[in-house]
Amino acid sequence: MTEMLKVVDLHAVAGEREILKGVNLTVNEGETCVLFGPNGSGKSTLMSTIMGYSSIKVTQGKILFKGQDITEMTVDQRAKMGIGMMMQRPPNIYGVKLGDLIKASSPDNGETILKDASKFKMQNFLEREVNVGFSGGEIKRSELLQLTAQKPEFILLDEPESGVDLENIDLIGNKVHDLLYDSSCPGKQRHVSSLVITHTGQIMDYIGADRGYVMRDGRIFCSGRPGDLLREIKENGYGECDGCQQIISL
Ligand SMILES: Nc1ncnc2c1ncn2[C@@H]1O[C@H](COP(=O)(O)OP(=O)(O)O)[C@@H](O)[C@H]1O
Ligand SMILES: [Mg+2]
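Residue numbers for the sequence shown follow numbering that gives the first Met the number 0, beginning at 0 and rising by one.
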């Protein structure tokens, strides 16, 4: 199986603190992997580091994307290579209209996706500044519209269902599904790979998941079948998870 993303012994610092303390993780081509872990364990930091945000400094290890070392690349270089991210808490972008951002980030100047804005219930937001005054559900739909516009090959989803009501979860779940699966393909094979952070597992009902990872204190502690891991976490919490005592090493 071709490795789409490979994270090797990744250490990273944010502020003065080491947040990632030797992360090892792989996502194969066409795979959907979920990442579980308690608050503050470093999940969002891991995604930001994979995307290349400058607030985080890699001190050791590397990130490979489609076999190429991207550890030192800038965010825009990574985006051009096909990595996209839906952030947990994206910033407001004052002075930039959502429609203009979408035109700038899509390969066809937004022609296809802007016609579909109503399917994301975003048609009345294109003239508004990105995220400014948006509700929780509107922010998530806006992020997903931007992500879809980018036509990524690999997506990072940071808690796509958090703070979202049931109706919006359904829309977001279906749109993430459409992003991952090529509907024109017989058997509906996934053509986009992903790493998804979830606490509730709700998003898994829409996209399925091949493998789960559990993160604790800046390391991946164990991996396994996503449904089994979620059940174990729901029953025993993160601290008591007897089956998960082994840090994933190289
Ligand atoms: N820029 C930063 N400066 C200092 N600490 C940070 C920074 N970003 C994240 N952290 C800290 O890193 C830890 C992990 O955060 P995060 O990756 O957001 O966890 P998770 O997504 O698993 O809840 C938290 O204690 C958080 O406060
Ligand atoms: Mg987080």
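Note that beta-carbon positions come from the ideal geometry of N, C-alpha and C, so glycine has one too.
- The set of residues with CB atoms less than 6 Å from any heavy atom of ligand 1 reads, in chain order, Ala13, Gly14, Arg16, Ile18, Gly36, Asn38, Gly39, Ser40, Gly41, Lys42, Ser43, Thr44, Ser54.
- The three-state secondary structure of Thr197, taken from DSSP, is coil.
- In the same chain as Arg127, and ignoring 5 residues on each side of it, the C-beta atoms closer than 7 Å to its own belong to Lys96, Leu97, in chain order.
- Remark: C-beta atoms of Gln67 and Ile101 do not approach each other more closely than 8 Å.
- Under DSSP, the beta-bridge partners assigned to Ile55 are Ala13.
- Residue side-chain check: Gln87 places its Cβ nearer than 7 Å to a non-hydrogen atom of ligand 2.
- Across the structure, Gly223 and Thr48 are spaced so that their CA atoms are roughly 23 Å apart.
- When Lys139, Gly39, Thr1, Arg88 are compared, the shortest CA-CA separation from Glu28 is found for Thr1.
- Exposed is the label assigned to Gln76, since fewer than 16 other Cβ atoms lie within 10 Å of its Cβ.
- The Cβ atoms of Leu34 and Leu194 lie closer than 8 Å to each other.
- Note on Ala103: under 16 other CB atoms within 10 angstroms of its CB, so exposed under the neighbour-count rule.
- Distance from the C-beta of Asp216 to the nearest heavy atom of ligand 2 is not below 7 Å.
- Ranked by how close their Cα comes to the Cα of Asp209, the residues Ser192, Asp115, Glu137, Val131 have Ser192 in first place.
- A contact is defined here as three or more CB-CB pairs under 8 Å, and the stretch 128–145 meets this definition with respect to the stretch 157–170.
- Between Lys20 and Gly217, the C-beta spacing is below 8 Å.
- Taking all protein chains in view, the Cβ of Leu165 is surrounded by fewer than 16 other Cβ atoms within 10 Å, so the residue is classified as exposed.
- Residue side-chain check: Asp157 places its Cβ nearer than 7 Å to a non-hydrogen atom of ligand 2.
- Across the structure, Lys61 and Met86 are spaced so that their CA atoms are roughly 22 Å apart.
- In the DSSP assignment, Met84 falls within the beta strand (DSSP E) that extends over 82–85.
- Shown here, Gly135 sits in a helix according to DSSP, grouped into three states.
- Closest in alpha carbon position to Val74, among Gly36, Val57, Thr58, Tyr52, is Tyr52.
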